[in-house]
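**Q** Just so you know, the sequences run in chain order B and U.
Quick note: the first sequence uses numbering that gives the first Met the number 0, first residue 0, plus one each step.
Quick note: the second sequence uses numbering that gives the first Met the number 0, first residue 0, plus one each step.
All residues carry an ideal CB built from backbone N, CA and C; glycine is no exception.
Protein chains: 2
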Amino acid sequence: MTETESTGRRHTRDDVARTALRILDDHGLPDLTMRRLAAALDVQPSALYWHFPNKQTLLAALADRIVSHGRPVATATASTATAPTDWMHAVRSEAAALRDALLAYRDGAEVVSSTFALGLGSTAAVDRLASAVALGGFDDHTSGRAATALLHFILGHVSHEQQRMQYDSFGVVADGVTASSIDEDDPAAAFRFGVDLLVGGLEFSRSRR
Amino acid sequence: MTETESTGRRHTRDDVARTALRILDDHGLPDLTMRRLAAALDVQPSALYWHFPNKQTLLAALADRIVSHGRPVATATASTATAPTDWMHAVRSEAAALRDALLAYRDGAEVVSSTFALGLGSTAAVDRLASAVALGGFDDHTSGRAATALLHFILGHVSHEQQRMQYDSFGVVADGVTASSIDEDDPAAAFRFGVDLLVGGLEFSRSRR
DNA sequence: ACCTGAACACCGTTCAAGT
DNA sequence: ACCTGAACACCGTTCAAGT
């Protein structure tokens, strides 16, 4: 019932990250403070700085866990032979998997977004998207740029989506206008639309040369 | 030389926003605190809450100013007759103008991004993008979704770009690897690439039906 | 209409010292 | 190897009261 994890006393870096992830998921990013995390671990705030140099690094570790949520452990099997024409499907499902991973934790997109902007970790997401695009025969430069464009859209979209979720749960609905503007409804469809736009743009650029 | 604006004593809501914008541009978002803003205005922190109910609202006001930077005052002239096939050009230049506006202030993209995610203001940007897309003959629903997709990409890209600027100015270059990964070079080109992907995707979706 | 003074309830981070 | 205790230098926000 309480939030403390008093199992054993001394903690590992992994304990800290896991507890932080639980606070994030239960109470949201604004409530994930070093002091609150320390309290949940039954420890002084200063103790956390033995495990992580600062909060930013902690958040980067959380971002890595969020992004690799529900992912195979990447065994070194030969590259799974995807049908060469099915790169569009690959990109779409890679994007959908990433969205699912972000949605699996409260404020997940914002956490990943902030650490991505700062260039810390989270390269896994771009790499997977870039690989999927590369299946279409695009060069590395193009695949990389397309992947970051995809990631920017995904992070922006899911952040927006998650922000709206908690705005709804305890929201100012009493404002008359239901405020459901153009595509606030069916976020999954709006997500697919955006991904398809980028995927279609790649196909279009190919047909143009 | 100092940051105080001791001109007259009593301030207006506009003074507050303008001074905040200057602190943002000179020192960045982390340094834009209510206390620092108050000091710059030669006033107690509590005085700010007469002009704005909270910091979030202040930031939304700043976002509005940033987004409409370098913009005509929207005179009610008849819709400028753009060549019907030139909607792509319209979208591209609308996107470029938005990027320029965001780049005109330090951390501009992050400020706009945060208020956009919260659904406060900044509808001007989406509206302009949607109008440009609509020139292509797409229905409102499609135009709206394309506009938000564009905005998500733009905000993510420029945030990243601006983060990298101050990371460079005082950065950890001594880390061996020059870290210039796939498209950290020439951000303007990477930006155009992303916009073209989305624009191309729209054209592709039209050819597909 | 616009601001002061004083407080409340917090933050992240450092650092000597303990076991 | 992992943590305590105590401090430093801050935050955003509220609210009675002043002019």
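Taking DSSP as the reference, what is the three-state secondary structure of serine 68 (chain B)?
**A** Along the first sequence, one-based indexing puts residue 68 (chain B) at 69. According to the sequence displayed, residue 68 (chain B) carries histidine and not serine. Coil.
**Q** Counting only the same chain and skipping the five closest in sequence on each side, list residues whose C-beta sits under 7 Å from that of alanine 108 (chain B).
**A** Against the first sequence, residue 108 (chain B) aligns to sequence position 109. Correct list, in chain order: Leu101, Leu154, Val157, Ser158, Gln161.
**Q** Whole angstroms is fine: what's the gap from alanine 129 (chain U)'s alpha carbon to histidine 50 (chain B)'s?
**A** The sequence position of residue 129 (chain U) within the second sequence is 130, counting from 1. The sequence position of residue 50 (chain B) within the first sequence is 51, counting from 1. Alanine 129 (chain U) and histidine 50 (chain B): Cα-Cα distance of roughly 47 Å.
**Q** For glutamate 202 (chain B), would you say it is in contact with chain U, using Cβ-to-Cβ distances shorter than 8 Å as the test?
**A** Your numbering for residue 202 (chain B) matches position 203 in the first sequence. Chain U contact via Cβ: present.
**Q** By Cβ distance, which residues of its chain are closer than 7 Å to leucine 58 (chain U), with the 5 residues on each side in sequence left out?
**A** By one-based count along the second sequence, residue 58 (chain U) stands at place 59. The answer, listed in chain order, is Val110, Ser113, Thr114.
**Q** Under 8 Å, Cβ to Cβ, is there at least one residue of chain U near alanine 124 (chain B)?
**A** Numbered from 1 along the first sequence, position 125 holds the residue referred to as residue 124 (chain B). No, because no Cβ of chain U sits closer than 8 Å to the Cβ of alanine 124 (chain B).
**Q** If I measure Cβ to Cβ from leucine 31 (chain U) and keep anything under 7 Å in the same chain, skipping five residues before and after, which residues do I get?
**A** For the purposes of this step, residue 31 (chain U) is taken as residue 32 along the second sequence, with counting starting at 1. So the list reads Ala19, Ile22, Leu23, once near-sequence residues are dropped.
**Q** With burial defined as no fewer than 16 other Cβ atoms inside 10 Å of the residue's Cβ, what is the status of phenylalanine 203 (chain U): buried or exposed?
**A** Indexing the second sequence from 1 puts residue 203 (chain U) at position 204. So phenylalanine 203 (chain U) counts as buried.
**Q** Locate the alpha helix (DSSP H) running through glycine 107 (chain U), then write down its first and last residues.
**A** For this step, residue 107 (chain U) is matched to residue 108 along the second sequence. Its alpha helix (DSSP H) spans residues 107–116.
**Q** Taking the alpha-carbon of tyrosine 166 (chain U) as reference, which of B:Leu47, B:Ala116, B:Arg144, B:Pro44 has the nearest alpha-carbon?
**A** Within the second sequence, the letter at position 167 stands for residue 166 (chain U). The residue with the shortest Cα to Cα distance from tyrosine 166 (chain U) is B:Ala116.
**Q** Would you say the segment 190–207 of chain U touches the segment 136–150 of chain B, given that touching needs at least three Cβ pairs under 8 Å?
**A** The answer is yes - the segment 136–150 of chain B touches the segment 190–207 of chain U, with three or more Cβ pairs under 8 Å.
**Q** Which value, in whole angstroms, describes the spacing of the CA atoms of alanine 189 (chain U) and histidine 140 (chain B)?
**A** On the second sequence, position 190 is the one that residue 189 (chain U) refers to. On the first sequence, position 141 is the one that residue 140 (chain B) refers to. Approximately 10 Å between the Cα atoms of the pair.
**Q** Assuming glutamate 93 (chain U) contacts alanine 123 (chain U) (C-beta within less than 8 Å), just tell me the rounded distance between them.
**A** Taking the first residue of the second sequence as 1, we reach residue 93 (chain U) at position 94. Taking the first residue of the second sequence as 1, we reach residue 123 (chain U) at position 124. At roughly 11 Å, the Cβ-Cβ gap does not stay under 8 Å, so glutamate 93 (chain U) and alanine 123 (chain U) are not in contact.
**Q** Assuming alanine 16 (chain U) contacts alanine 46 (chain U) under a Cβ cut-off of 8 Å, what Cβ separation, rounded to an integer in Å, is found between them?
**A** Along the second sequence, read from residue 1 onward, the residue named residue 16 (chain U) stands at position 17. Along the second sequence, read from residue 1 onward, the residue named residue 46 (chain U) stands at position 47. Rounded, the Cβ-Cβ distance is 14 Å, inconsistent with contact.
**Q** Under 7 Å between beta-carbons, which chain B residues line up against histidine 159 (chain U)? List them in chain order, please.
**A** Taking the first residue of the second sequence as position 1, residue 159 (chain U) is located at position 160. Under the 7 Å cutoff, chain B gives Ala116.
**Q** So which residues on chain U does tyrosine 166 (chain B) lean against when the C-beta distance must stay under 9 Å?
**A** Working through the first sequence from its first residue, we reach residue 166 (chain B) at position 167. Near tyrosine 166 (chain B) (Cβ distances below 9 Å), the residues of chain U are Leu117, Gly118.
**Q** Which residues of chain B have a Cβ atom closer than 7 Å to the Cβ of histidine 68 (chain U), listed in chain order?
**A** Stepping through the second sequence from its first residue, residue 68 (chain U) is reached at position 69. In chain order: nothing, as chain B lies at least about 21 Å away.
**Q** Rounded to whole angstroms, what's the CA-CA distance from leucine 150 (chain B) to phenylalanine 192 (chain U)? Just pull it up for me.
**A** Here residue 150 (chain B) refers to the residue found at position 151 when the first sequence is read from its first residue. Here residue 192 (chain U) refers to the residue found at position 193 when the second sequence is read from its first residue. Taking the straight line joining both Cα atoms gives about 14 Å.
**Q** How close, in whole Å, do the beta carbons of leucine 28 (chain B) and aspartate 106 (chain B) come, if the pair is a contact with beta carbons under 8 Å?
**A** Numbered from its first residue, the first sequence carries residue 28 (chain B) at position 29. Numbered from its first residue, the first sequence carries residue 106 (chain B) at position 107. Right, the Cβ-Cβ distance comes to about 4 Å (below 8 Å), so this counts as a contact.
**Q** Does DSSP put leucine 10 (chain B) in a helix, in a strand, or in coil?
**A** For the purposes of this step, residue 10 (chain B) is taken as residue 11 along the first sequence, with counting starting at 1. Sequence inspection shows histidine at residue 10 (chain B); the leucine mentioned does not correspond to that position. Residue state, collapsed to three classes: coil.
**Q** Quick one: what's got a C-beta closer than 6 Å to aspartate 63 (chain B)'s C-beta in the same chain, skipping five residues either side?
**A** Within the first sequence, numbered from 1, the residue matching residue 63 (chain B) stands at position 64. Counting only Cβ-Cβ distances below 6 Å, and skipping sequence neighbours, we find Gly120.
**Q** Three-state secondary structure (DSSP) at leucine 154 (chain B)?
**A** Along the first sequence, one-based indexing puts residue 154 (chain B) at 155. Here leucine 154 (chain B) sits in helix by DSSP.
**Q** From tyrosine 48 (chain U) to arginine 12 (chain U), what does the alpha carbon distance come to, in whole angstroms?
**A** Translated into positions along the second sequence, residue 48 (chain U) becomes position 49. Translated into positions along the second sequence, residue 12 (chain U) becomes position 13. Roughly 10 Å separates the two Cα atoms.
**Q** Does the distance from the C-beta atom of phenylalanine 152 (chain B) to that of phenylalanine 152 (chain U) stay below 8 Å?
**A** Translated into positions along the first sequence, residue 152 (chain B) becomes position 153. Translated into positions along the second sequence, residue 152 (chain U) becomes position 153. The answer is yes: Cβ separation under 8 Å.
**Q** In whole angstroms, what is the alpha-carbon distance linking arginine 34 (chain B) and alanine 148 (chain B)?
**A** The sequence position of residue 34 (chain B) within the first sequence is 35, counting from 1. The sequence position of residue 148 (chain B) within the first sequence is 149, counting from 1. Roughly 36 Å separates the two Cα atoms.
**Q** Quick check on isoleucine 181 (chain U): does DSSP put it in helix, strand or coil?
**A** Within the second sequence, numbered from 1, the residue matching residue 181 (chain U) stands at position 182. Below a pLDDT of 50, predicted positions are generally treated as unreliable, and isoleucine 181 (chain U), at 48, falls in that range; the measurement from the model is reported next regardless. Here isoleucine 181 (chain U) sits in coil by DSSP.
**Q** Could you list which residues in chain B have their beta carbon closer than 7 Å to that of alanine 250 (chain U), in chain order?
**A** Only positions 0 to 208 of chain U appear in this structure, which leaves residue 250 (chain U) out of reach.
**Q** Would tryptophan 86 (chain B) pass as a contact of leucine 134 (chain B) if the rule is Cβ separation under 8 Å?
**A** On the first sequence, residue 86 (chain B) is found 87 positions in, with the first residue counted as 1. On the first sequence, residue 134 (chain B) is found 135 positions in, with the first residue counted as 1. Cβ distance < 8 Å, so tryptophan 86 (chain B) and leucine 134 (chain B) count as in contact.
**Q** List the residues of chain B whose Cβ lies closer than 8 Å to the Cβ of glutamine 162 (chain U), in chain order.
**A** Counted from its first residue, the second sequence places residue 162 (chain U) at position 163. By Cβ distance, chain B contributes Ala116, Leu117, Gly118.
**Q** Can you tell me whether alanine 253 (chain U) is buried or exposed? The criterion is at least 16 other CB atoms within 10 Å of its CB, across all chains shown.
**A** Since the first residue of chain U shown is 0 and the last is 208, residue 253 (chain U) is not available in this structure.
**Q** Let me make sure I understand the geometry here. Which of B:Gly200, B:Leu201, B:Arg208, B:Ala187 has the alpha-carbon closest to that of leucine 97 (chain B)?
**A** Here residue 97 (chain B) corresponds to residue number 98 of the first sequence, with the count starting at 1. Ranking B:Gly200, B:Leu201, B:Arg208, B:Ala187 by Cα distance to leucine 97 (chain B) puts B:Ala187 first.
**Q** Run down chain B in chain order and give the residues with a C-beta less than 9 Å from the C-beta of leucine 57 (chain U).
**A** Taking the second sequence and counting its residues from 1, one reaches residue 57 (chain U) at position 58. Near leucine 57 (chain U) there are no residues of chain B at all, since even the closest Cβ is about 18 Å away, more than 9 Å.
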